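For the sequence shown, the residue numbers in full-length UniProt numbering are 1 to 185.
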Amino acid sequence: MYYLAILSSIFFHRLFGSIRPLSPPREVLEIAYPSVDDPALDALVDEKLTHLMAALDTSSHSFANQPHSESTQHQRRAQLVVSFFEKKTRKAWFSKSEEEVCWEEWTINVSSITPRNETEKIRVAKSAESQLQMIIMKIIDIVNDNKDHIPPIATTEANPFPYQISIPSETGDTWGSVFKKILVE
Numbered sequence: 001m002y003y004l005a006i007l008s009s010i011f012f013h014r015l016f017g018s019i020r021p022l023s024p025p026r027e028v029l030e031i032a033y034p035s036v037d038d039p040a041l042d043a044l045v046d047e048k049l050t051h052l053m054a055a056l057d058t059s060s061h062s063f064a065n066q067p068h069s070e071s072t073q074h075q076r077r078a079q080l081v082v083s084f085f086e087k088k089t090r091k092a093w094f095s096k097s098e099e100e101v102c103w104e105e106w107t108i109n110v111s112s113i114t115p116r117n118e119t120e121k122i123r124v125a126k127s128a129e130s131q132l133q134m135i136i137m138k139i140i141d142i143v144n145d146n147k148d149h150i151p152p153i154a155t156t157e158a159n160p161f162p163y164q165i166s167i168p169s170e171t172g173d174t175w176g177s178v179f180k181k182i183l184v185e
């Protein structure tokens, strides 16, 4: 699945604890992508991808490819957001509390089109393969170019930075209120 490759690539480059790469690497469309050998993360990703598929199923829109075409194509859209947090201690007069501050957020806009025939299916598969290669390379470029905002590791926990995977429609966010951002403090 394409979305698994995208999420795995993000987590591979943004989990800073003691991680082991999955060996042999996973592949989709003959594209190998990096993954972390972490059953708990795999379970969370599987759960969220199931929710994403449900969100795609409920967001079907029909549109004609051409102005005078009688055939319609179904396009489905959803979003997936991956957020990474830093735990910070807030001090008050007589107490301390811990809060999570987001230091990086990835918004993945998902658009799925159901092909009408075999020719279109082949064209869509080739396009998906090309897009996936570009997305994985873009992830690598972003994580290599944007390191200054990553907070220092101040804990001995296995995962120093908590993370969250959400689908904005589940949390009440709208398309206009959610966007990809990398927070630099």
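Glycine is no exception: its CB is placed at the ideal position from the N, C-alpha and C atoms.
Since the structure is predicted, the reported quantities are computational estimates derived from the model, not experimental observations.
Residues that Pro21 bridges to, as DSSP identifies them: The sequence position of residue 21 within the sequence shown is 21, counting from 1. Pro21 pairs with Val36.
Span separating the alpha-carbon of Ile122 from that of Val28: Against the sequence shown, residue 122 aligns to sequence position 122. Against the sequence shown, residue 28 aligns to sequence position 28. Rounded to whole angstroms, Ile122 to Val28 spans 15 Å at the Cα level.
Option in Met53, Phe12, Pro39 and Pro151 with minimal Cα separation from Glu100: Within the sequence shown, numbered from 1, the residue matching residue 100 stands at position 100. Checked all of Met53, Phe12, Pro39 and Pro151; the closest Cα to Glu100 is Pro151.
Cβ shell of Ile10 (< 7 Å), same chain only, five flanking positions each side left out: Counting from one through the sequence shown, the residue named residue 10 turns up at place 10. Cβ within range, chain order: Val82, Trp106 and Ile139.
Residue span of the alpha helix (DSSP H) that contains residue 187, given as start and end: Outside the displayed span of the chain (1 to 185) sits residue 187, for which this structure offers no information.
Straight-line Cα distance separating Thr89 from Thr72: Taking the first residue of the sequence shown as position 1, residue 72 is located at position 72. Taking the first residue of the sequence shown as position 1, residue 89 is located at position 89. For Thr72, the predicted model reports a pLDDT of 48, less than 50, meaning its position is unreliable; a value from the coordinates is still stated below. Going from the Cα of Thr72 to the Cα of Thr89 covers about 54 Å.
Cβ neighbours of Ile108 in the same chain (closer than 7 Å, five flanking residues each side left out): Here the question's residue 108 lines up with position 108 in the sequence shown. For Ile108, where only same-chain residues beyond five positions count, the Cβ hits under 7 Å are Ile6, Gln79 and Leu80.
Proximal residues to Leu15 (C-beta, below 7 Å), its chain only, five neighbours per side dropped: Sequence index remark: in the sequence shown, residue 15 carries index 15 (1-based). Same-chain partners within the cutoff: Val36 and Asn159.
Cut-off 8 Å between Cβ atoms - residues of its own chain near Pro25, not counting five sequence neighbours on either side: Residue 25 sits at position 25 when you count from the first residue of the sequence shown. Within the same chain, Pro25 has close Cβ partners Ala32, Tyr33, Pro34 and Ser35.
CB-CB length for Lys91 against Glu98, believed under 8 Å: In the sequence shown, the residue the question calls residue 91 occupies position 91. In the sequence shown, the residue the question calls residue 98 occupies position 98. The Cβ separation is near 11 Å, so there is no contact.
C-alpha distance - Gln164 paired with Pro115, whole-angstrom precision: Here residue 164 is taken as the residue at index 164 of the sequence shown, counted from 1. Here residue 115 is taken as the residue at index 115 of the sequence shown, counted from 1. Roughly 32 Å separates the two Cα atoms.
Residue from Glu118, Tyr2 and His13 whose Cα sits closest to the Cα of Glu104: By one-based count along the sequence shown, residue 104 stands at place 104. That would be His13, whose Cα lies nearest to the Cα of Glu104.
Integer-rounded CB distance, given that Leu52 should sit under 8 Å from Ile135: The sequence position of residue 135 within the sequence shown is 135, counting from 1. The sequence position of residue 52 within the sequence shown is 52, counting from 1. With a Cβ gap of about 16 Å, Ile135 and Leu52 do not count as contacting.
Backbone secondary structure at Leu52 - three-state DSSP: Working through the sequence shown from its first residue, we reach residue 52 at position 52. The answer is helix: DSSP assigns Leu52 an H, G or I state.
For Asn159, three-class secondary structure by DSSP: Indexing the sequence shown from 1 puts residue 159 at position 159. It is coil, neither helix nor strand.
Local conformation of Ile167 per DSSP, three classes: If you number the sequence shown from 1, residue 167 lands on position 167. Coil, per DSSP.
Proximity of Tyr3 and Leu44 at Cβ, strictly below 8 Å: Indexing the sequence shown from 1 puts residue 3 at position 3. Indexing the sequence shown from 1 puts residue 44 at position 44. In this structure, Leu44 does not lie closer than 8 Å to Tyr3 by Cβ.
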